[in-house]
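What follows is a single structure, written as structure tokens, with notes after it.
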Amino acid sequence: MMSRLAGPARTMSRRATWELWITLGLLVVLPMLAATDYALHIWTRMAIFLILLTGLNFIQGVAGMTSLAQAGFFGLGAYAAGIATVRHDVPPVLALALAPVLVTLVALLIGVLSMRLKEIYFTMATLGAGFVLYLLFGRMVELTGGPNGLVGIPPFSVGGVEFTEPIMKYGLAAVLAAIGAIAAHNLLVSRTGRALRAYGASEPAALAVGASPFRLRLLAFGLSGFYAGVAGALEAFDSRFVSPSTFDFMTAVLLVVALVVSGAGRMIGPILGALLLTGIEVFAADYADYEPLIMGIVFLVAVQLFPRGVAGELAARREDRRERAKRSADLAADVAVDAPTTLKAVQR
Amino acid sequence: MTSTIERPGLQITGVCKAYGGLQVLSDVTLRAPAGAITAVIGPNGAGKSTLANVISGFVTQDRGEVVVNGVRLPPGKAVTRAEHRLGRTFQNLEIFTGMTVLQNVAMGAYSRQRGSHLGDLVRGPRARRDEIEVKEAALALLRRFRLEHRADSLVESLPFGEAKLVEMVRVLAMEPEVVVLDEPAAGLPPASALPLAETIAGLAEDGIGVLLIEHNMKLVMSISQHVVVLDQGQVLTEGSPAEVQQDPRVIEAYLGPGATTSEELTL
């Protein structure tokens with residue numbers, strides 16, 4: 005069946021598939037390049053960022069609606085997993101499964117209330133939601149530990165095997181990131197992904213072909229919540245400590261900016277964004293006081309150099325090259341057709 | 225003839241719409257039967273675009289109903305039109321920028337595709353098969369309209385005329401029973417009029433009921449079977465192109481009181 009498909013249809017989703025392979029390849033290759041405990045800790049952070057940004061890409065990149073709630077959802081996932089294991093002795097594996105479900109439900113609730121708003125008001129609503137969550141993390145002291153954070157989170161464990169070794173932690177985060185990326189790829193190249201993009205491009209035309217914006221955007225927002233829930237739970241089991249400051253407004257903005265700078269809406273965007281965030285985190289660790297300044301400069305430069313995002317800019321350049329080559333080929337064909345006539349004219 | 229009876233096409237009955245004190249449509253009744261081109265003409269401000277928007281659910285009428293093949297369509301619900309096989313193009317080009325021509329056309333089949341959105345995360349064999357079928361059908365349409373070589377191009381890179389054609393092909397991917405074409409010739413060079421006329425005539429030959437809302441009189445008069453003239457939100461008259469062209473009320477509405485020639489209407 006697949007082989008019957010003509011060329012263009014085959015290439016339609018090829019780019020997204022290549023970008024998925026690059027993402028999966030990096031998840032495998034990176035720990036081979038550096039596998040010290042410290043490096044593995046860094047790669048684990050990167051995998052968590054990847055999950056977080058893959059989730060954000062549904063609503064921010066594909067549906068084209070800026071969400072500033074992702075950091076709050078990330079925190080909710082982390083606190084849900086942490087509180088479940090610390091306060092209620094829920095097995096970590098169950099906490100890892102439940103945290104994303106809880107975050108998805110909260111995201112859907114916020115989505116139902118805010119999804120019909122115009123984009124800027126939606127963004128403001130998500131900003132409010134993120135801020136409320138951030139406040140709750142700090143204020144519900146008995147449950148969350150307040151500003152001092154929640155301590156004593158056990159390591160992730162399955163069947164009595166504790167994931168305390170850095171390689172195990174990375175393995176868990178990488179496998180979940182890979183599953184998340186594959187599912188995201190599937191959605192992006194399907195009719196759902198197409199419809200989400202279409203709605204951002206032309207609202208009237210999308211309605212006319214029967215794509216319901218409310219349902220599609222709610223799905224995208226729910227998925228962003230689910231992924232943030234997974235990332236949050238992983239964060240809790242990786243750090244074994246959660247505090248509100250990790251999930252503040254700064255984080256919310258950073259996630260959006262990192263995705264936009266890397267290539268929002270593209271399959272490769274989240275991994276590039278995750279590498280960027282991890283790189284900044286590592287580099288800025290030595291200059292903690294200057295972290296916001298460093299990030300600001302990096303993003304300013306990146307936006308100037310790659311106004312369509314790194315991935316978008318590279319793709320656009322490739323497209324330009326292809327168009328130029330096509331034009332040259334057309335011109336050559338025209339000259340070849342005209343040549344005999346021209347020759348005869350000259351001979352006469 | 226049998227098929228026309230089985231699929232009566234589009235029927236609009238007693239549609240009224242007012243914006244504040246301004247009555248834009250007053251008791252408009254018309255029919256666009258399957259397999260024929262019914263044109264709606266009228267001077268600027270006659271209510272043509274509002275009528276297109278009421279039919280396609282972008283504007284809620286105050287009164288009256290829109291029926292496709294015997295099914296009454298919910299007022300003001302544009303998203304439901306595709307499932308009733310009513311497609312439309314827009315006066316101002318509405319394409320999905322950032323997507324390829326093939327993706328644009330495949331979007332037309334959106335409402336025909338089954339399966340859940342969450343199922344797309346897994347993309348099982350059935351979903352894959354469905355996708356391939358949609359893409360093959362989209363490619364076949366592009367081939368028919370000689371746009372196959374553009375399938376992989378970003379739609380915004382196309383010349384205006386081709387982009388307009390893509391918009392129409394996208395509507396065809398819906399497998400529509402009725403299409404509303406809102407000024408398809410707007411912005412096109414005169415040389416494109418003939419291919420456009422052939423394309424629209426082809427839709428009717430396929431059995432689709434075409435409601436053509438158009439300013440270009442030459443196009444309207446050359447391909448329409450039935451012409452409805454709107455003036456100040458009301459149906460002024462209707463009939464065959466020849467009848468409408470000779471109607472003094474139509475000439476007056478277009479050219480002003482005292483005009484006696486229908487020459488300009490035939491241009």
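Chains as they are written, first to last, in the working numbering: chain A, 5 to 352; chain B, 225 to 491. For every residue, glycine included, the Cβ atom is placed at its ideal position computed from N, Cα and C. Just so you know, these numbers come straight off a predicted model, no measurement behind them.
{"query": "Using the C-alpha atoms, what's the distance from GLY385/B back to GLN351/A?", "result": "Note on GLN351/A: pLDDT 47, under 50, position unreliable in the model; no value is reported."}
{"query": "Using alpha carbons as the reference points, say which of ASP93/A, VAL97/A, HIS45/A and VAL107/A lies closest to ALA75/A.", "result": "VAL107/A"}
{"query": "Does the Cβ of TYR353/A have 16 or more other Cβ atoms within 10 Å, making it buried, or fewer, making it exposed?", "result": "As displayed, chain A neither begins before 5 nor continues past 352, which places residue 353/A out of reach and without an answer."}
{"query": "Quick one: is GLY370/B near chain A, going by C-beta distance under 8 Å?", "result": "It should be noted that the sequence gives Arg, not Gly, for residue 370/B. So, not an interface residue."}
{"query": "Under 8 Å, Cβ to Cβ, is there at least one residue of chain A near THR274/B?", "result": "no"}
{"query": "Is it buried or exposed for LYS348/A, if we count other Cβ within 10 angstroms and need 16 for buried?", "result": "Annotation note: pLDDT 48 at LYS348/A (below 50); position unreliable, coordinate value reported separately. Exposed, since its Cβ has fewer than 16 Cβ neighbours within 10 Å."}
{"query": "Return the residues of the stretch 226-248 of chain A that lie within a Cβ-Cβ distance of less than 7 Å from chain B, sorted by chain order.", "result": "none"}
{"query": "Could you check if ARG18/A is buried or exposed, using at least 16 other CB atoms within 10 Å of its CB as the buried criterion?", "result": "exposed"}
{"query": "Below 7 Å between beta carbons is the criterion; list the residues of the stretch 347-364 of chain B that meet it against any residue of chain A, in chain order.", "result": "ARG347, ALA351, ARG353, GLU355, ILE356, LYS359, GLU360 and LEU363"}
{"query": "Since I believe PHE253/A is in contact with PHE135/A (beta carbons under 8 Å), could you give me their beta-carbon distance rounded to a whole number of angstroms?", "result": "7 Å"}
{"query": "By the criterion of Cβ-Cβ separation under 7 Å, what are the contact partners of THR196/A in chain B?", "result": "HIS341 and ASP344"}
{"query": "Please tell me whether ALA212/A and ALA302/B are closer than 8 Å, where the distance is taken between their beta carbons.", "result": "yes"}
{"query": "Check distances from the C-beta atoms of the stretch 432-448 of chain B to those of chain A and list, in chain order, the residues that come in under 9 Å.", "result": "none"}
{"query": "Could you tell me the alpha carbon to alpha carbon distance between LEU44/A and ALA278/A, rounded to whole angstroms?", "result": "15 Å"}
{"query": "Distance, Cα to Cα, PRO377/B vs PHE141/A?", "result": "Looking at the sequence shown, residue 377/B is not Pro but Ser. Roughly 48 Å between the two C-alpha positions."}
{"query": "From HIS450/B to VAL325/B, what does the alpha carbon distance come to, in whole angstroms?", "result": "33 Å"}
{"query": "Can you pull the chain B neighbours of LEU112/A, defined as C-beta to C-beta under 8 Å?", "result": "Within chain B, no residue comes near LEU112/A; the closest Cβ sits about 13 Å away, beyond 8 Å."}
{"query": "I think ILE319/B touches ALA387/B, with their Cβ atoms under 8 Å apart; what is that distance to the nearest whole Å?", "result": "6 Å"}
{"query": "From PRO465/B to GLN456/B, what distance separates their C-alpha atoms?", "result": "20 Å"}
{"query": "Here's a check: name, in chain order, each residue in its chain whose Cβ is nearer than 6 Å to the Cβ of TRP47/A, leaving out the five neighbours to either side.", "result": "LEU34, PRO35 and TYR174"}
{"query": "According to the neighbour-count rule (16 or more other Cβ atoms, all chains shown, within 10 Å of its Cβ), is ALA477/B buried or exposed?", "result": "buried"}
{"query": "Whole angstroms are fine: how far does the CA of PRO413/B sit from the CA of PRO12/A?", "result": "Unreliable positioning characterises PRO12/A in this predicted model, as indicated by a pLDDT of 44, which lies under 50. The coordinate reading is nonetheless provided below. Answer to the nearest angstrom: the Cα atoms are 29 Å apart."}
{"query": "What are the uninterrupted segments assigned as alpha helix (DSSP H) that are 4 or more residues long and contained completely in the stretch 167-203 of chain A, given in chain order?", "result": "170-192"}
{"query": "Would you check if the distance between the CB atom of GLY313/A and the CB atom of GLY283/A is smaller than 8 Å?", "result": "no"}
{"query": "What residues are listed by DSSP as bridge partners for PHE369/B?", "result": "DSSP lists no partner for PHE369/B."}
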